[in-house]
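Undergrad: In terms of the working numbering, the sequence shown is residues 71 to 622.
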Amino acid sequence: ASVLKVAEAGTNMEQVTWQQDIAAFRGKLIGKLNIQSLDIFGPEINDTLRTAEGWIVKAANKFHISTRKSIIRNQLLFREGDLVSIKDIRESERLLRSLPFIMDARIYIYEYENETVEVHVVVKDVWSFTADFQPRRLNVMSLRLAERNIFGTGHTFSNTFLWNDRESQEFNYDGFYFIPNIGGSFISGNVRYANSYNASGYEVGLERQFVSPLIKYAGGAFFSELRERRVWYDTRDSLLALLNVESQVRDVWLARAYKVGKNDNGVQSRLVLSGRVMYENFLQRPFVNADTNRSFHDHTTYLASIGFSKRAFYQDQLIYNYGRTEDIPIGSSLVLTGGVEQNEFINRYYTGLNARGGRRIQGFGYWFQELALGGFLNNNEYEQATLQLNSLFISDISWVRRYQLRQFVRFSFTRGLRRYPEEYLRFTRRDGIRGVLNDQLIGHDKLFINYETIAFTPYMPLGFRMACFVFADIGYIDFGNLNVFTSPPYQGYGFGLRLRNDRLAFNALQIRFAYYPRLPPGVPPFALDVTGNSTIRFQDFDINAPEIIPLQ
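#1: Kindly list the residues whose CB is nearer than 7 Å to the CB of Arg489, restricted to its own chain and excluding five residues on each side of it in sequence; keep chain order.
#2: Would DSSP call Ser365 helix, strand or coil?
#3: What residues in its chain sit with their C-beta under 7 Å from that of Tyr529, if we drop five residues either side in the sequence?
#4: Is the CB of Leu232 under 8 Å away from at least one CB in chain B?
#5: Over what stretch of residues does the beta strand (DSSP E) that includes Val540 continue unbroken?
#6: Work out the CA separation of Ala269 and Asp548 for me, nearest whole Å.
#7: Taking just the CA atoms, how far does Leu406 sit from Ile398?
#8: Should the segment 296 to 303 be regarded as contacting the segment 148 to 163, the criterion being three or more beta carbon pairs within less than 8 Å?
#9: So what does DSSP say about Ile159, is it helix, strand or coil?
#10: Spatial neighbours of Arg355 within its chain, please: CB distance less than 6 Å, with the 5 preceding and 5 following residues excluded, ordered by chain position.
#11: For the alpha helix (DSSP H) containing Lys286, name the first residue and the last one.
#12: Which partner residues does Ile581 have in the DSSP bridge list?
#13: Under a Cβ-count criterion, where at least 16 other Cβ atoms within 10 Å of its own Cβ denotes burial, should Phe383 be classed as buried or exposed?
#14: How long is the line joining the alpha carbons of Gln85 and Asn116, rounded to whole angstroms?
#15: Could you spell out the range, first to last residue, of the alpha helix (DSSP H) harbouring Asn131?
#16: Give every residue of the same chain whose Cβ lies closer than 6 Å to the Cβ of Thr370, excluding the five residues on either side of it in the sequence, and list them in chain order.
#17: Helix or strand or just coil, what does DSSP make of Gly401?
#18: Assuming Tyr473 and Ala425 are in contact, meaning their beta carbons sit under 8 Å apart, how far apart are those beta carbons, in whole angstroms?
#19: Got a sec, what are the start and stop residues for the alpha helix (DSSP H) Asn359 sits in?
#20: What does DSSP give as the partner residue(s) for Met211 in the beta ladder?
#21: Could you check which residue in Leu443, Gly401 and Ser461 has the C-alpha nearest to that of Thr421?
#22: Specify the secondary structure class of Gln432 as computed by DSSP and reduced to three states.
#23: What does the alpha-carbon distance come out to for the pair Ile618 and Ser339?
#24: Is DSSP giving Thr407 helix, strand or coil here?
#25: Measuring straight from C-alpha to C-alpha, what distance separates Tyr178 and Ile257?
#26: Rounded to the nearest angstrom, what separates Lys286 and Ser403 at their Cα positions?
#27: Taking C-beta to C-beta, are Leu574 and Trp323 nearer than 8 Å?
#28: Would you grab the beta carbon distance between Ser266 and Gln239 for me? Rounded to a whole angstrom, and I think it's under 8 Å.
#29: Kindly give me the distance between the Cβ atoms of Leu569 and Ala578, rounded to whole angstroms, as I take these residues to be in contact under 8 Å.
#30: For the beta strand (DSSP E) holding Gln458, just list the boundary residues, first then last.
#31: Of the choices Glu181, Arg167 and Tyr182, whose alpha-carbon is the least far from that of Ala51?
#32: Have a look at Gly112 and Asp368 and give me their C-alpha separation to the nearest angstrom.
#33: Leu532 to Gly259, Cα distance in whole Å?
#34: What's the gap between the Cα of Leu276 and the Cα of Val540?
#35: Could you tell me the distance, in whole angstroms, from the CA atom of Asp152 to the CA atom of Asp109?
#36: State buried or exposed for Arg278, treating a residue as buried only when at least 16 other CB atoms are found within 10 Å of its CB.
Here it is as structure tokens:
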């Protein structure tokens, strides 16, 4: 066989790691390229002969339009007539799995004829249409309809409708259209239009990122005009207000990557040089001068960065998804950024550093760390700076009878240094105490630790895998003090259930019960949430546009 199964994590686990056996095929000519698309229900990526059972799923397979072969072919880094390269094969597999409308992908190699080989690409789509209805209150409700693979083209069209009879504009709309990998160029385009009470306007963008280490050039252009109501909080005077703001943004960047070293055994090292120009002009804003409302100054920012990236991938399952193959990045990156901001009152200089590292510790788990520090130099003083420390640990799978368990531990610390009075940190529902979003929990320093144990059960009613979880969160947020630990700890504890079918593009259904022993007045200590739980992406080690480290 040309493809060898080299690792399995238990009798109920599907294949988790595949490795091409290229000893017999390295350097041979690809004489034939065949693409096979599997039905959503029935066949599996490792068992293509399995058939669907039941008239409902058979009808669903008939109704679904499979991804066009030309779209799959555009994702491949090789063509008929090329020589077999294990690097291109593995990277093409990963690129296919990264698509939101593809559940899984495998690439096989066989002997063909006249000393050539046949490359066989097998892909399995997901059911790409999603609908999400949320009645938030009796007079507030939202409906989201999205199709991630229009007529098999890979295009995404998302529409969100919101009705709120408490606002002057009762009916609100937000639409988004996305085109991936235009013509096989790996350039993606998007258009967004919003007409709502809080934000109205449009965004248009074209971008080519370093989605693969084999890409040498990347860049993008982004344009927007937006009218929005921003929450404005002056931390000097504890004043909270809603401001009407209208702005124009123009953002262009370009980057070039250079291979460093031999890049053997799947490890790919690159040096990346990039430049960026960002322009923001306010058509409507509050009163400004050199020292007032500086976040609303018209400005043009020029940035340049130099970075080194070293990365590879390994495959696993049951981390953020519920059965499909997941590609986990390992490696490191270091990026140094510098530039100048020219605004209507002053010129100042920016410097920043971002360092990341991730590794797999055999028999223990995955560990990721990040250090980011950046700010502006103005009159020989460092201002509007941000310091971030992040760490994530994900354990290997452990078994308790028929249940598969993983542990997740996340640590995050953010400090704002000499920020503007209207800038502050806050807990969000994802970054902080889960399920808590409160305007009283704001400050200049933020620290939190999230812990979760998830147990993937063997039960799959109607194809939905059930997973139970328990969690514990503790967070500190402090305004004005140098030591964040002088503020009181805020905590959240709870448990819940998630249901997800990886054949569908829907978010996981999450039912969560939480207890909060300490929260600001007016916030109930108990909460029961029924929400959609979106899939989290791994932090990668690719380098793209130069960035200003945000306060968030």
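Where is the CB? At the ideal position from N, CA and C, for every residue including glycine.
TA: Let's see:
#1: Here residue 489 corresponds to residue number 419 of the sequence shown, with the count starting at 1. Contacts found: Gln454, His514 and Leu621.
#2: Numbered from its first residue, the sequence shown carries residue 365 at position 295. Helix, per DSSP.
#3: Locating residue 529 in the sequence shown gives position 459, counting from the first residue. Here the set comprises Met536.
#4: Note that chain B does not occur in the displayed structure, where there is just one protein chain.
#5: The residue labelled residue 540 in the question sits at position 470 within the sequence shown. It spans Arg535 to Asp548 - the beta strand (DSSP E) in which Val540 sits, taken as one unbroken run.
#6: The residue labelled residue 548 in the question sits at position 478 within the sequence shown. The residue labelled residue 269 in the question sits at position 199 within the sequence shown. So the two alpha carbons sit approximately 30 Å from each other.
#7: In the sequence shown, residue 398 corresponds to position 328, counting from 1. In the sequence shown, residue 406 corresponds to position 336, counting from 1. So the two alpha carbons sit approximately 25 Å from each other.
#8: no
#9: To locate residue 159, count along the sequence shown from 1; it is residue 89. Of the three classes helix, strand and coil, the one that applies to Ile159 here is helix, per DSSP.
#10: The residue you call residue 355 lines up with position 285 of the sequence shown. For Arg355, where only same-chain residues beyond five positions count, the Cβ hits under 6 Å are Val315 and Phe366.
#11: Within the sequence shown, residue 286 is the residue found at index 216, counting from 1. Segment: none, Lys286 is in no alpha helix (DSSP H) and carries neither H nor E.
#12: Numbered from 1 along the sequence shown, position 511 holds the residue referred to as residue 581. According to DSSP, Ile581 bridges with Leu567 and Val600.
#13: Within the sequence shown, residue 383 is the residue found at index 313, counting from 1. So Phe383 counts as buried.
#14: By 1-based counting over the sequence shown, the position of residue 85 is 15. By 1-based counting over the sequence shown, the position of residue 116 is 46. Here Gln85 scores only 33 on pLDDT, less than 50, and its place in the model should not be relied on; the value that follows carries that caveat. Approximately 8 Å between the Cα atoms of the pair.
#15: Here residue 131 refers to the residue found at position 61 when the sequence shown is read from its first residue. Per DSSP, Asn131 belongs to the alpha helix (DSSP H) from Trp125 to Phe133.
#16: On the sequence shown, position 300 is the one that residue 370 refers to. These residues qualify, in order along the chain: Tyr349 and Gln412.
#17: Taking the first residue of the sequence shown as 1, we reach residue 401 at position 331. Strand at Gly401.
#18: In the sequence shown, counting from the first residue as 1, residue 473 sits at position 403. In the sequence shown, counting from the first residue as 1, residue 425 sits at position 355. No, Tyr473 and Ala425 are not in contact; Cβ-Cβ is about 37 Å, not under 8 Å.
#19: Residue numbering aside, residue 359 sits at position 289 when the sequence shown is read from its first letter. Looking at the DSSP string, Asn359 is not in any alpha helix (DSSP H), and its letter there is neither H nor E.
#20: One-based indexing of the sequence shown puts residue 211 at position 141. DSSP output for Met211 lists Pro205 and Trp233 as bridge partner(s).
#21: Looking up residue 421 in the sequence shown gives position 351. For Thr421, the nearest C-alpha among the options comes from Leu443.
#22: On the sequence shown, residue 432 is found 362 positions in, with the first residue counted as 1. If DSSP states are grouped into helix, strand and coil, Gln432 belongs with coil.
#23: Sequence index remark: in the sequence shown, residue 618 carries index 548 (1-based). Sequence index remark: in the sequence shown, residue 339 carries index 269 (1-based). If I take the Cα positions, the gap works out to 24 Å.
#24: Numbered from its first residue, the sequence shown carries residue 407 at position 337. Correct three-state label for Thr407: strand.
#25: Residue mapping note: residue 178 aligns to position 108 of the sequence shown, counting from 1. Residue mapping note: residue 257 aligns to position 187 of the sequence shown, counting from 1. Those two C-alpha atoms are separated by around 27 Å.
#26: Here residue 286 is taken as the residue at index 216 of the sequence shown, counted from 1. Here residue 403 is taken as the residue at index 333 of the sequence shown, counted from 1. Going from the Cα of Lys286 to the Cα of Ser403 covers about 17 Å.
#27: Against the sequence shown, residue 574 aligns to sequence position 504. Against the sequence shown, residue 323 aligns to sequence position 253. Cβ atoms of Leu574 and Trp323: not closer than 8 Å.
#28: Mapped onto the sequence shown, residue 266 falls at position 196. Mapped onto the sequence shown, residue 239 falls at position 169. Ser266 to Gln239, Cβ: 7 Å. Contact.
#29: Along the sequence shown, one-based indexing puts residue 569 at 499. Along the sequence shown, one-based indexing puts residue 578 at 508. Yes, they are in contact, since the Cβ atoms of Leu569 and Ala578 sit about 6 Å apart, within 8 Å.
#30: Position 388 of the sequence shown, counted from the first residue, corresponds to residue 458. Its beta strand (DSSP E) spans residues Glu451 to Ser465.
#31: In the structure displayed, the chain extends from 71 to 622; residue 51 sits before or after that span and is not available.
#32: Position 42 of the sequence shown, counting from 1, holds the residue named residue 112. Position 298 of the sequence shown, counting from 1, holds the residue named residue 368. Taking the straight line joining both Cα atoms gives about 57 Å.
#33: Start at 1 with the first residue of the sequence shown, and residue 532 comes out as number 462. Start at 1 with the first residue of the sequence shown, and residue 259 comes out as number 189. Their backbone Cα atoms lie some 36 Å apart in a straight line.
#34: As a working mapping, residue 276 is identified with position 206 in the sequence shown. As a working mapping, residue 540 is identified with position 470 in the sequence shown. Rounded to whole angstroms, Leu276 to Val540 spans 41 Å at the Cα level.
#35: Reading the sequence shown from its first residue, position 82 is the one you call residue 152. Reading the sequence shown from its first residue, position 39 is the one you call residue 109. Whole-angstrom Cα-Cα distance: 29 Å.
#36: Position 208 of the sequence shown, counting from 1, holds the residue named residue 278. Arg278 comes out buried.
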